[in-house]
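Report on one structure; see the data block that follows.
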Amino acid sequence: MEEKYFPEQIEQKWQQRWREAKAFEVTNDDPRQKFYCLEMLPYPSGFLHMGHVRNYSIGDALAWFKRLQGFNVLHPIGWDSFGQPAEQAAIKRGINPREWTEKNIQHMKGQLQRLGISYDWSREIAAHRPDYYKWDQWFFLKMLERGLAYKKVSQVNWCPNEKTVLSNEQSSGGVCWRCGEKVVKRDLEQWFLRITEYAEQLLEDMKEIDAAWPEKVLKRQRDWVGRSEGAYIDFAVKDGRQKIRVFTTRIDTIFGATAVVLSAEHPLLDELLAESALKEDVKAFATKVKAERETADETVEGEKEGLNTGVLAINPFSGETVPVWVANYVLMEYGTGAVMSVPAHDERDFEFAQKYSLPIRQVIAPVSHQQAAAEPTSVTGTDQSAEMNRPFTDFGVLINSGDWGGKLSEVAITEMSAYAKDKGFGEAAVTFRIRDWGISRQRFWGAPVPVVYCDQCGMVPVPYEQLPVVLPQNATFTGTGESPLAGVPEFVNTTCPKCDGPARRETDTMDTFVDSSWYFFRYCDPRNDSMPFDRAIAQQWTPIDQYIGGDSHAVMHLIYTRFWTKFMRDIGLVSFDEPVKSLLTQGMVTNRVQNTDEWKAMSKSLGNGVDPDQMIDAFGADASRLFVLFAAPVENELRWSETGIEGAVRFLRRVHTAIYTWKDRLAEAPQTVNNDELSVDARALRRKTHQTIAKITSDFDQLHLNTSVAALMELFNQFNDLNVNPSRASQSELFVAKEALEALVVMLAPFAPHVAEEMWEGMGHTDGLLNGRPMWPSTDPELARREELEIPVQVNGKLRSRLITSPEVSEDELKAAALADDKIKSLIEGQEVVKVVVVPRRLVNIVLR
RNA sequence: GCGAAAGUGGCGGAAUUGGCAGACGCGCCAGACUUAGGAUCUGGUACCGAAAGGUGUGGGGGUUCGAGUCCCCCCUUUCGCACCA
1291 MEEKYFPEQI
1301 EQKWQQRWRE
1311 AKAFEVTNDD
1321 PRQKFYCLEM
1331 LPYPSGFLHM
1341 GHVRNYSIGD
1351 ALAWFKRLQG
1361 FNVLHPIGWD
1371 SFGQPAEQAA
1381 IKRGINPREW
1391 TEKNIQHMKG
1401 QLQRLGISYD
1411 WSREIAAHRP
1421 DYYKWDQWFF
1431 LKMLERGLAY
1441 KKVSQVNWCP
1451 NEKTVLSNEQ
1461 SSGGVCWRCG
1471 EKVVKRDLEQ
1481 WFLRITEYAE
1491 QLLEDMKEID
1501 AAWPEKVLKR
1511 QRDWVGRSEG
1521 AYIDFAVKDG
1531 RQKIRVFTTR
1541 IDTIFGATAV
1551 VLSAEHPLLD
1561 ELLAESALKE
1571 DVKAFATKVK
1581 AERETADETV
1591 EGEKEGLNTG
1601 VLAINPFSGE
1611 TVPVWVANYV
1621 LMEYGTGAVM
1631 SVPAHDERDF
1641 EFAQKYSLPI
1651 RQVIAPVSHQ
1661 QAAAEPTSVT
1671 GTDQSAEMNR
1681 PFTDFGVLIN
1691 SGDWGGKLSE
1701 VAITEMSAYA
1711 KDKGFGEAAV
1721 TFRIRDWGIS
1731 RQRFWGAPVP
1741 VVYCDQCGMV
1751 PVPYEQLPVV
1761 LPQNATFTGT
1771 GESPLAGVPE
1781 FVNTTCPKCD
1791 GPARRETDTM
1801 DTFVDSSWYF
1811 FRYCDPRNDS
1821 MPFDRAIAQQ
1831 WTPIDQYIGG
1841 DSHAVMHLIY
1851 TRFWTKFMRD
1861 IGLVSFDEPV
1871 KSLLTQGMVT
1881 NRVQNTDEWK
1891 AMSKSLGNGV
1901 DPDQMIDAFG
1911 ADASRLFVLF
1921 AAPVENELRW
1931 SETGIEGAVR
1941 FLRRVHTAIY
1951 TWKDRLAEAP
1961 QTVNNDELSV
1971 DARALRRKTH
1981 QTIAKITSDF
1991 DQLHLNTSVA
2001 ALMELFNQFN
2011 DLNVNPSRAS
2021 QSELFVAKEA
2031 LEALVVMLAP
2041 FAPHVAEEMW
2051 EGMGHTDGLL
2061 NGRPMWPSTD
2071 PELARREELE
2081 IPVQVNGKLR
2091 SRLITSPEVS
2101 EDELKAAALA
2111 DDKIKSLIEG
2121 QEVVKVVVVP
2131 RRLVNIVLR
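Convert by adding 1290 to the 1-based position in the first sequence; the result is the number in my numbering.
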């Protein structure tokens, strides 16, 4: 150990040692208890950014902590290496996507190693390599076999100017992200995965994880799945054979339905209009609405517009005839694409009815709680239809509803659904907002969908033994919207696996979210060439104990991976429902945007990025990591500050100096000490040591890493308060100093591992911190306990004095001592003491009249 | 518009969950050592006040012996959803 703290030297030394010792590589047959710590795998853009640094610093602190506690910790990393940027580089600069990606991986791997993140590099994987995407294809075939993968015509976002397909993100605001051209919808045959099949389970299984996932993530997933209970009801068309099926969650309001409203895309529309005099007008209107919807900015809610079709339908409950309208506020994608319009009890219907002067008829009346309690099934309400100036959307009691009048909404909903089913014009139903997962991408840089098309046999899956379907070495990147694979004849032209006749390969590739849906299972068994992973090996490691990443993945990735796990369970690959036991969504790293007061996520385009390499050059990896973890709670936004990090360097340097000056004397410290013989300061340090161990150990359970670092600093401050020159330290002082400094160094390792190892070695330990034994210090509650307490004494809730007492003091003694205190005596003199509140070990409050 | 979360010193943030508000760090102030200091060390640092003391956790009300913490109303900010029938 050098006298001075030279981060670069120390960090290089220990990174090399760890590499040589394979310190972070784990084996599958280790008898110790496992812990799977995982950060979301990065996209290899080429450069690490501060968000990565934060993410991996959090994960690494936990991985180190668990290792020091004696766990067998799996902490792997890989690359989400398929995706658009590689293809953009190919289109713009003519670079081969594979070479571009591999080069980026090499560079970022070097950056991660320089940060000293403790990954098991022997398990590294990359999505773009055939030995990985082979298994994407394998899973696809398994889903195809079970009817969970299928093809259908669907709309994609299309830029007419660039002649290319855009993702939803690239077409936000209804314009192309690059050229600003209006995006249009185009029909294309696309592959889908039937995630809707698992909708109910995705909600139901949340109860297994809801204690250890952030509530906001669960809420977003719940909204995304969008389960809604209601009923289908058929409105028969008057003078026709058709039935219009509507979905409603409020069947209890059906007597208030004054229209049926169809979406412009409704499949029955043309047929219904055949007899209508208004045919041409309505068709023109529907076309206009469709056009608007295709180009409109989805974030703006337009004015409601509609048109009467002239067709009539019959309300099956009341027998009443109501007009059928078409309107722009009814969506084809949800429910049945048709609704019954109940203006009195629905915001949108109310607004629509007002605009077009449709009748508003109240059929639900507010009901008081007393009434409901007294007569739960039959109460009366007041009809206020005439003066309704806003819809009443709460539950209540039915009025103007024939035989159903007087029933409460809750009761009526159940009974009316059953009645509809009984009479054959409807039934109770559950709908979901979640749509099947479209995985087709007309792109080169992704896993090819493993099917071929044969003129004789139609669509034929590629047999398992012919996997992987490998991407060609290169393609022409024209940006025409068709997959570049279509322009590679040696890829497209193949033979049919069934009949050996000529066939064409599918040229769509898969969404990159497929790759990331199951990658963490592959880490368990990364070189398996007969299965995605061995069931038994994965069983040892999974589920993930702690998953860490940004909350931008709250829905897509985190819902797809839950779906994928349930599918793997159903084909017998895994034995549980949920892949992630505990989830942490870390906050963003932001920096001030130049010349503004705005704090935004660091990015190249805003010019507010901080280069991790420069930070490591200036301060070292340890200080950088320590600062990032100390500066804010892990789930908060982290506002970058140049000055804060110097405090981290300062702290490490001061600890380093202290260890250096004490290390030789500590070797002479005795094995045991009699606590009663310690000086006051020495006892205080001992107490602080044990309190700190307890504090940090429990902080790690919640990942309160900022307060852990603060606790380390407090312990070190307390050590400095000992204020003893090592050369003159007594035996008992050597004991407490050694106890404190060793605990400090071990507990510092999760935050600043290189310098911790260096100091540990400097203290004379030759086998390193990761030596196969649990090294995390244990706390002795007896030693951590305070010997004396300072009890605040309040008069009428205001702090007036303090008592020094032993922790064992009784309530009565505390009360007597407080009343006998000089300051208190003078304050309460001559006044009546109404009450004395004594909280044992906490406080005394004297209440005067 | 709807929904959720959060508002604590100059700043990032603590507060054992109803019991001493401001831990720890940054910044700032003073001092020491220095030719020098943007290095290091020591001390100070919520606000008002000379002090005694008083006031303080977005604002207003409430519950309680006691409220940053619980309840009600309002304000602000952030995030999510955005015609989901």
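Backbone N, C-alpha and C define an ideal beta-carbon position, used for all residues, glycine too.
What's the C-alpha gap between residue i and residue j?
i	j	result
Thr1486	Thr1721	10 Å
Thr1979	Ile1838	30 Å
Arg1404	Lys2088	54 Å
Phe1314	Trp1831	15 Å
Val2124	Ser2116	17 Å
Glu1868	Glu1498	8 Å
Asn1992	Gly1596	As written in the sequence, residue 1992 is Gln, which differs from the Asn given in the question. Cα to Cα, the separation comes out at about 54 Å.
Phe1640	Phe1575	21 Å
Ala1765	Pro1774	6 Å
Pro1504	Gln1763	43 Å
Gln2084	Ser2020	42 Å
Val1474	Arg1725	20 Å
Asp1477	Val1632	34 Å
Glu1665	Lys1697	With a pLDDT of 48 at Glu1665, under the threshold of 50, the predicted position of this residue should be treated as unreliable, and no value is reported.
Ala1911	Gln1305	11 Å
Gln1660	Gly1695	Residue placement at Gln1660 is flagged as unreliable, the pLDDT there being 46, under the threshold of 50; a coordinate-derived value is accordingly withheld.
Glu1494	Arg1852	12 Å
Ala2039	Ala1351	8 Å
Indicate the three-state DSSP secondary structure (helix, strand or coil) for residue i in the structure shown.
i	result
Ile2136	strand
Glu1293	coil
Phe1537	strand
Ser1820	coil
Trp1615	strand
Leu2089	strand
Met1892	coil
Trp1808	coil
Thr1486	helix
Gln1305	helix
Spatial neighbours of residue i within its chain, please: C-beta separation below 6 Å, excluding the five flanking residues on both sides.
i	result
His1946	Tyr1295
Val2152	There is simply no residue 2152 to check, as the chain begins at 1291 and stops at 2139 in what is shown.
Met1622	Ser1553, Glu1555
Buried or exposed: residue i, going by 16 or more other Cβ atoms within 10 Å of its Cβ?
i	result
Gln1652	buried
Ser1895	exposed
Asp1500	exposed
Glu1755	exposed
Thr1589	Its pLDDT being 40, under 50, Thr1589 is placed unreliably by the model, and nothing is read from it.
Gln1981	buried
Asn1447	buried
Ser1408	buried
Ile1534	buried
Lys1356	buried
Gly2120	exposed
Gly1736	buried
By the DSSP assignment, the alpha helix (DSSP H) with residue i in it spans what residues?
i	result
Ala1828	1825 to 1831
Arg1882	Not the alpha helix (DSSP H): Arg1882 falls in the beta strand (DSSP E), residues 1879 to 1882.
Phe1715	Phe1715 -> no alpha helix (DSSP H), and no H or E assigned at all.
Ser1988	1970 to 1992
Ala1737	Neither: Ala1737 is in no alpha helix (DSSP H) and is coded neither H nor E.
Which same chain residues end up closer than 7 Å to residue i when comparing Cβ atoms and leaving out the 5 residues on each side of it in sequence?
i	result
Arg1236	The requested residue 1236 does not occur in the structure, where the chain is confined to residues 1291 to 2139.
Phe1803	Met1846, His1847, Tyr1850
Asp1370	Leu1331, Pro1332, Tyr1333, Ala1417, Thr1802, Asp1805, Ser1806
Lys2028	Leu1956, Ala1959
Pro1450	Glu1471, Val1474
Here's a check: name, in chain order, each residue in its chain whose Cβ is nearer than 8 Å to the Cβ of residue i, leaving out the five neighbours to either side.
i	result
Ser1842	none
Just to check, is the beta-carbon of residue i closer than 7 Å to a non-hydrogen atom of the ligand SAH?
i	result
Phe1823	Among the components modelled here there is no ligand, and therefore nothing to report on the ligand SAH.
Considering residue i, what are the terminal residues of the beta strand (DSSP E) in which it resides?
i	result
Asn1598	1596 to 1604
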